[in-house]
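Structure, as structure tokens:
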Amino acid sequence: MSQLDAAINPARLNSKRTQAQFKLHPEDFVVTERLDVADDGEGEHQWLWIRKRGANTQFVARQLARFADTSPKNVSYAGLKDRNAVTEQWFSVQLPGQETLDWQQLNNEEFQVLKVIRRQKKLKLGLHEANQFKIRLRDVADKGLFEQNWNSLVTDGTLNYFGPQRFGHDQNNLTRGFEWLRAGGSNKRVKKPEQSRLLSSVRSFLFNQIASSRYQQYGFETLAGDCVMLSGSQSVFHVEQWDDELKQRLTTGDIQLTAGQPGWVSKPLISGEAEQFETDCVSPWADIIDCLASKKVKASRRAMRLKPTDPELCWDGSDAVIYFELPKGSFATACISELIDLSVTENDEDSVE
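As structure tokens, this is what we get:
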């Protein structure tokens with residue numbers, strides 16, 4: 015397996031996984047965005063709670079803009095949700111000085127407006143807290159192995175990988191991202207709306223490479239110079255040397271190990287052994303990282319481990335129906351890949367985030 019393939023289909027905690035049918039129907043993958051909002055009763059932002067089936071988030075946003083006769087820039091959402099699924103999420107449309115529109119006129123087989131409220135502020139990207147999942151895996155071949163892996167996932171979690179959806183059909187986003195950056199990253203060659211997707215794909219690949227290599231070499235053991243993340247606020251801090259108190263906080267889940275998404279760094283967040291390890295991991299792509307830095311794409315940290323909350327497993331004949339919640343920005347496929355052999359070939363939508 016090449017280094018490219020290894021980062022796109024990286025190491026798993028469970029080496030043996032059973033077979034099952036995944037996403038045979040949109041109803042097999044149900045996602046509900048968790049975001050608590052209150053109705054201000056007034057304001058220029060009309061917020062819509064929408065259920066969609068077989069449609070991606072950006073498509074729905076365009077339909078809302080067209081109906082309201084406004085620019086797509088005035089339509090906002092907290093995160094992208096899968097196309098081949100049934101999902102519920104918030105959208106907001108900025109319409110100064112207008113009465114609440116009759117949004118139900120838009121209802122169709124692909125999406126329905128379930129609720130409308132007025133607010134003073136727009137919906138910002140990443141504002142949601144989490145995503146709740148109900149997933150049906152059909153015709154599970156080995157129930158015993160599935161339950162064993164499920165229990166492992168609930169107890170130990172998995173690696174917080176970016177899913178293969180992020181890299182596009184046949185890794186096209188990733189390939190184009192590499193080519194574009196190695197050609198100098200010109201704004202003329204790739205339009206700005208597409209740049210974000212290509213940069214995200216490249217940095218996601220590098221994170222997967224670091225996280226996979228570190229787990230294979232060290233598991234979830236600590237390294238001097240680590241950067242850790244507070245589980246609640248997701249703020250990060252540098253650990254020059256680990257002491258017993260910090261290790262206990264790691265054990266209880268108060269803090270988490272992180273891996274890097276390389277880019278421009280104003281103040282390094284890792285040092286020593288951890289820094290050397292990550293540098294060695296991504297050395298084959300040093301030229302790419304230099305390009306990211308030259309474009310002032312800020313380096314960031316992402317939690318290495320992903321543990322689903324509120325997990326539940328139910329059997330419906332040979333079908334496993336699983337429920338869990340993940341923090342925003344995490345991929346359900348990272349969890350599913352610990353349970354069954356999973357090959358994502360569709361470009362569903364870059365993620366559920």
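Per our numbering, the very first residue in the sequence shown carries number 15; after that it's consecutive. From the three backbone atoms N, C-alpha and C, an ideal C-beta is built for every residue, glycine too.
Would you check if there are 3 or more beta carbon pairs closer than 8 Å linking the region 312 to 326 to the region 130 to 140?
no
Residue 287 - partner residues in DSSP beta bridges:
Here residue 287 corresponds to residue number 273 of the sequence shown, with the count starting at 1. Residue 287 pairs with nothing; no bridge assigned.
Check residue 271 in the structure and name its three-state DSSP category.
Reading the sequence shown from its first residue, position 257 is the one you call residue 271. Strand.
Once the 5 residues before and after residue 255 are set aside, which same chain residues still bring their CB inside 8 Å of it?
By one-based count along the sequence shown, residue 255 stands at place 241. Hits under 8 Å: 238.
Whole-angstrom Cβ separation of residue 340 and residue 346, contact assumed at under 8 Å?
Residue 340 sits at position 326 when you count from the first residue of the sequence shown. Residue 346 sits at position 332 when you count from the first residue of the sequence shown. So it is a contact: roughly 6 Å between Cβ atoms.
Do you know how far the Cα of residue 111 is from the Cα of residue 30?
Position 16 of the sequence shown, counting from 1, holds the residue named residue 30. Position 97 of the sequence shown, counting from 1, holds the residue named residue 111. Roughly 59 Å separates the two Cα atoms.
Determine which residues share a DSSP beta bridge with residue 319 and list them.
Walking along the sequence shown from the start, residue 319 turns up at place 305. 173.
Exposure label - residue 349; buried when at least 16 CB within 10 Å:
Sequence index remark: in the sequence shown, residue 349 carries index 335 (1-based). The residue in question, residue 349, is buried, as its Cβ has 16 or more Cβ neighbours within 10 Å.
6 Å CB neighbourhood of residue 302 in its chain, flanking five on each side removed:
Here the question's residue 302 lines up with position 288 in the sequence shown. Same-chain partners within the cutoff: 195.
Taking the alpha helix (DSSP H) that residue 8 belongs to, which residues open and close that run?
Nothing about residue 8 can be read from this structure; the chain reaches only from 15 to 367.
Quick one: Cα of residue 163 to Cα of residue 88, how far?
Residue 163 sits at position 149 when you count from the first residue of the sequence shown. Residue 88 sits at position 74 when you count from the first residue of the sequence shown. Looking at the two C-alpha atoms, the distance is approximately 44 Å.
Mind checking whether residue 142 and residue 106 have CB atoms under 8 Å apart?
For the purposes of this step, residue 142 is taken as the residue at position 128 of the sequence shown. For the purposes of this step, residue 106 is taken as the residue at position 92 of the sequence shown. Result no, Cβ atoms of residue 142 and residue 106 do not sit closer than 8 Å.
Rank 80, 91, 216 and 240 by C-alpha distance to the C-alpha of residue 271 and give the top, closest one.
Position 257 of the sequence shown, counted from the start, is the residue given in the question as residue 271. Answer by Cα proximity: 240.
By how many angstroms is the C-alpha of residue 91 removed from the C-alpha of residue 146?
For the purposes of this step, residue 146 is taken as residue 132 along the sequence shown, with counting starting at 1. For the purposes of this step, residue 91 is taken as residue 77 along the sequence shown, with counting starting at 1. In a straight line, the C-alpha of residue 146 is about 17 Å away from that of residue 91.
Could you give the C-beta distance for residue 7 and residue 300, rounded to a whole number, given that I count them as a contact under 8 Å?
Past the boundaries of the shown model lies residue 7; the chain is included only from 15 to 367, so the question cannot be answered.
Helix, strand or coil at residue 252 [DSSP, three-state]
As a working mapping, residue 252 is identified with position 238 in the sequence shown. Correct three-state label for residue 252: strand.
Would you kindly work out how many angstroms separate the C-alpha atoms of residue 72 and residue 181, rounded to a whole number?
One-based indexing of the sequence shown puts residue 72 at position 58. One-based indexing of the sequence shown puts residue 181 at position 167. Roughly 18 Å between the two C-alpha positions.
Identify, in the order they occur along the chain, each residue of the same chain with its Cβ nearer than 8 Å to the Cβ of residue 161, setting aside the five sequence neighbours on each side.
What you label residue 161 is simply residue 147 of the sequence shown in a count that begins at 1. Hits under 8 Å: 327.
Measuring alpha carbon to alpha carbon, tell me which residue in 335, 343 and 100 is nearest residue 13.
The requested residue 13 is not part of the displayed model; the chain covers only 15 to 367.
Beta-carbon gap between residue 211 and residue 187 smaller than 8 Å:
Taking the first residue of the sequence shown as position 1, residue 211 is located at position 197. Taking the first residue of the sequence shown as position 1, residue 187 is located at position 173. Against a cut-off of 8 Å, the Cβ pair of residue 187 and residue 211 comes out as a contact.
Assuming residue 224 contacts residue 274 (C-beta within less than 8 Å), just tell me the rounded distance between them.
Along the sequence shown, read from residue 1 onward, the residue named residue 224 stands at position 210. Along the sequence shown, read from residue 1 onward, the residue named residue 274 stands at position 260. With a Cβ gap of about 6 Å, residue 224 and residue 274 count as contacting.
Quick one: grab the DSSP three-state call for residue 366.
One-based indexing of the sequence shown puts residue 366 at position 352. The pLDDT assigned to residue 366 is 49, lower than 50, so where the model puts this residue is not dependable; a value taken from the coordinates is nonetheless given after this. Three-state DSSP puts residue 366 in coil, outside helix and strand.
Residue 206 to residue 322 span [Cα, whole Å]
Counted from its first residue, the sequence shown places residue 206 at position 192. Counted from its first residue, the sequence shown places residue 322 at position 308. Distance between the alpha carbons of residue 206 and residue 322: 35 Å.
Extent of the continuous alpha helix (DSSP H) run through residue 145:
Walking along the sequence shown from the start, residue 145 turns up at place 131. Counting along the chain, residue 145 falls outside any alpha helix (DSSP H), though it belongs to the beta strand (DSSP E) covering 144 to 152.
Exposure of residue 155, with buried meaning 16 or more beta-carbon neighbours within 10 Å:
Locating residue 155 in the sequence shown gives position 141, counting from the first residue. The residue is exposed, with fewer than 16 neighbouring Cβ atoms inside 10 Å.
Is the beta carbon of residue 149 closer than 8 Å to that of residue 7?
Residue 7 falls outside the range modelled here, since the chain spans only 15 to 367, and no answer is possible.
For residue 56, count neighbouring C-beta atoms within 10 Å of its own C-beta (all shown protein chains included) and say buried if the count is 16 or more, exposed if not.
Translated into the one-based positions of the sequence shown, residue 56 becomes position 42. That one is exposed.
Once you ignore the five residues that flank residue 263 on each side, which residues in its own chain have a CB closer than 8 Å to its CB?
Position 249 of the sequence shown, counting from 1, holds the residue named residue 263. These residues qualify, in order along the chain: 269.
Excluding sequence positions up to five away, which residues of its chain have a Cβ less than 7 Å from the Cβ of residue 114?
Locating residue 114 in the sequence shown gives position 100, counting from the first residue. The residues are 60, 130 and 132.
Minimum C-alpha distance to residue 436 - residue among 172, 215 and 174
Absent from the structure is residue 436, since the part of the chain shown begins at 15 and ends at 367.
Rounded distance between the beta-carbons of residue 227 and residue 27, thought under 8 Å
The residue given as residue 27 occupies position 13 in the sequence shown. The residue given as residue 227 occupies position 213 in the sequence shown. 15 Å between Cβ atoms; not a contact.
Please look up how many angstroms separate the CB atoms of residue 66 and residue 125, rounded, as I've assumed it's under 8 Å.
As a working mapping, residue 66 is identified with position 52 in the sequence shown. As a working mapping, residue 125 is identified with position 111 in the sequence shown. Residue 66 to residue 125, Cβ: 4 Å. Contact.
Put residue 31 into one of helix, strand or coil per three-state DSSP.
Counting from 1 along the sequence shown, the entry for residue 31 is found at position 17. If DSSP states are grouped into helix, strand and coil, residue 31 belongs with coil.
At what residues does the alpha helix (DSSP H) containing residue 265 begin and finish?
Here residue 265 corresponds to residue number 251 of the sequence shown, with the count starting at 1. Element bounds for residue 265: 258 to 266.
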